[in-house]
Amino acid sequence: MRALPLDAKAVASLDKVLHEPARLSVVACLAVVDEADFVFLQSQTGMTGGNLSSHVRRLEEAGYVTVKKEFENSRPRTSLRLTRRGRSAFETYLALMRGLLDAIEGESDR
Amino acid sequence: MSGAEERVYRAYWQDGTMDLFAGLIAGTIGIAWLLDLVWLGPIAPVLLVPFWVLLRRRVVEPRLGRVSFRPERTRRIRRGHLALLAVGLVALSAGLGLYLTARGAAPVEWTRRLVPALPAALLGLGCAVAALAFGLPRLGGYAVVFLLAGLWVAAADLDPGWALLGGGIATALAGVGLLARFVRAFPVLSPELD
């Protein structure tokens, strides 16, 4: 089997924060809404609270999401929003992945 | 992106509470009609909607969470609500008006026999509009149920209230089924970051 002529630079430039299934699903979910709470992200991604917390923290450190903690009727509520930087990083990631997939498909069609 | 957004949006409406309360409202209007208290019908939503909000807050939100959709989606939802409200008001007044004026004055026998079907058929029209406005195909199913219920009371020469009650019960039962499935599938989740 012949190796595919993938652009090594493009592969290396993939955002490591986003190139992880759990974080990617969080960002993909936040990218289509304005704001979502912590419970909504758990229900949509299927992650446990602890697992989601660690990935959210990583995204927050990268400046991709903002986390707002508040109390509503004396119940805690955590809501998350994708930052402009996070949205831009996600769009760049998608464009790079599309390019790589197109290259693979183009090669396999030959 | 619209496919992912659709998926998230639909997930937000799969809990069945909307179906349950829409069915209860239609059923209550039907009962009011059967008891000759037609004026009570429009009050039913005002009385029942706060319970829907409460049920969502107590049962749905701890399991599904809460989300604000993006401005484009919010505008579409608002347009859908307005269209539904307009169709609902038109359907209710047209149904009532047509029923009251045409039940004894329809020119041809077969049109007179169809008159009792009008209120349920118009409610079915409201469901069809809602299905399109919200992009939820199952509401189209309810439209068919109300239409069939209307034809049933017309064929059996029953009071139109029975069609509203029958369609309402069917819709509410579908809502209960969806809610039971939702509660089984989604446990209560931790509300805050660890």
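As given, the protein sequences belong to chains A and B, one line each in that order.
Under this note's numbering, residue 168 is the last one in the first sequence; the count climbs by one each step, no gaps.
Under this note's numbering, residue 220 is the last one in the second sequence; the count climbs by one each step, no gaps.
Glycine residues also receive a C-beta, built at the ideal position from the N, C-alpha and C atoms.
N-terminal and C-terminal residue of the beta strand (DSSP E) that residue i is part of
{"i": "residue 126 of chain A", "result": "123-130"}
{"i": "residue 134 of chain A", "result": "133-140"}
Spatial neighbours of residue i in its chain, beta-carbon cut-off 8 Å, leaving aside the 5 residues before and after
{"i": "residue 75 of chain A", "result": "81, 116, 117, 120, 122 and 147"}
{"i": "residue 39 of chain B", "result": "160 and 162"}
{"i": "residue 6 of chain B", "result": "Only positions 27 to 220 of chain B appear in this structure, which leaves residue 6 of chain B out of reach."}
{"i": "residue 152 of chain A", "result": "none"}
{"i": "residue 88 of chain A", "result": "94, 99, 123, 138, 139, 140 and 144"}
Own chain residues within Cβ distance below 7 Å of residue i, not counting five before or after
{"i": "residue 60 of chain A", "result": "Any reading at residue 60 of chain A must be qualified, since the residue scores a pLDDT of 47, below 50, and its modelled position is unreliable; the value itself is stated next. Cβ within range, chain order: n/a, list empty."}
{"i": "residue 110 of chain B", "result": "152, 155, 156 and 159"}
{"i": "residue 143 of chain A", "result": "121 and 122"}
{"i": "residue 125 of chain A", "result": "114, 118, 136 and 138"}
{"i": "residue 78 of chain B", "result": "43 and 47"}
Residue(s) in a DSSP beta bridge with residue i
{"i": "residue 94 of chain B", "result": "A:93"}
First through last residue of the alpha helix (DSSP H) which encompasses residue i
{"i": "residue 61 of chain B", "result": "Premise fails: residue 61 of chain B is in no alpha helix (DSSP H) and is neither H nor E."}
{"i": "residue 78 of chain B", "result": "69-81"}
{"i": "residue 110 of chain A", "result": "107-119"}
{"i": "residue 162 of chain B", "result": "Run containing residue 162 of chain B: none; DSSP gives neither H nor E here."}
{"i": "residue 67 of chain A", "result": "66-70"}
{"i": "residue 84 of chain B", "result": "Taken as a continuous stretch (DSSP letters only), residue 84 of chain B belongs to no alpha helix (DSSP H), as it is neither H nor E."}
{"i": "residue 104 of chain A", "result": "Where residue 104 of chain A is concerned, there is no enclosing alpha helix (DSSP H), given that its DSSP letter is neither H nor E."}
{"i": "residue 199 of chain B", "result": "186-211"}
Other residues of its chain near residue i: CB distance less than 6 Å, five sequence neighbours each side excluded
{"i": "residue 150 of chain B", "result": "169, 172 and 173"}
{"i": "residue 29 of chain B", "result": "none"}
**OP:** Closer than 8 Å, Cβ to Cβ, to anything on chain A: give me those residues from the segment 54-80 of chain B, in chain order.
**Re:** none
Original post:
Would you call the segment 188-201 of chain B and the segment 159-178 of chain B in contact, with 3 or more CB pairs under 8 Å?
Top reply: yes
Original post:
Taking contact to mean at least 3 C-beta pairs separated by less than 8 Å, is the segment 171-190 of chain B in contact with the segment 139-158 of chain B?
Top reply: yes
Original post:
Which residues, in order along the segment 81-113 of chain A, keep a beta-carbon less than 9 Å from a beta-carbon of chain B?
Top reply: 86, 87, 89, 90, 91, 92, 93, 94, 95, 96, 97, 98, 99, 100, 101, 102, 106, 107, 108, 110, 111 and 112
**OP:** With 7 Å as the C-beta to C-beta threshold (strictly closer), list the residues of the segment 27-55 of chain B near chain A in chain order.
**Re:** 27, 30, 31, 34 and 37
Original post:
the segment 117-131 of chain A: which residues have C-beta closer than 8 Å to a C-beta of chain B, in chain order?
Top reply: 125 and 127
**OP:** Can you give me, in chain order, the residues of the segment 185-205 of chain B that have a beta carbon less than 8 Å from any beta carbon in chain A?
**Re:** none
Original post:
What residues in the segment 128-160 of chain A have a beta carbon less than 7 Å from any beta carbon of chain B?
Top reply: 133, 134, 135 and 136
**OP:** Note down, in chain order, all residues in the segment 209-220 of chain B with a beta-carbon under 8 Å from any beta-carbon belonging to chain A.
**Re:** 212, 215, 216, 217, 218, 219 and 220
**OP:** Decide if the segment 102-109 of chain B is in contact with the segment 96-111 of chain A; the criterion is three or more beta carbon pairs, one per stretch, under 8 Å apart.
**Re:** no
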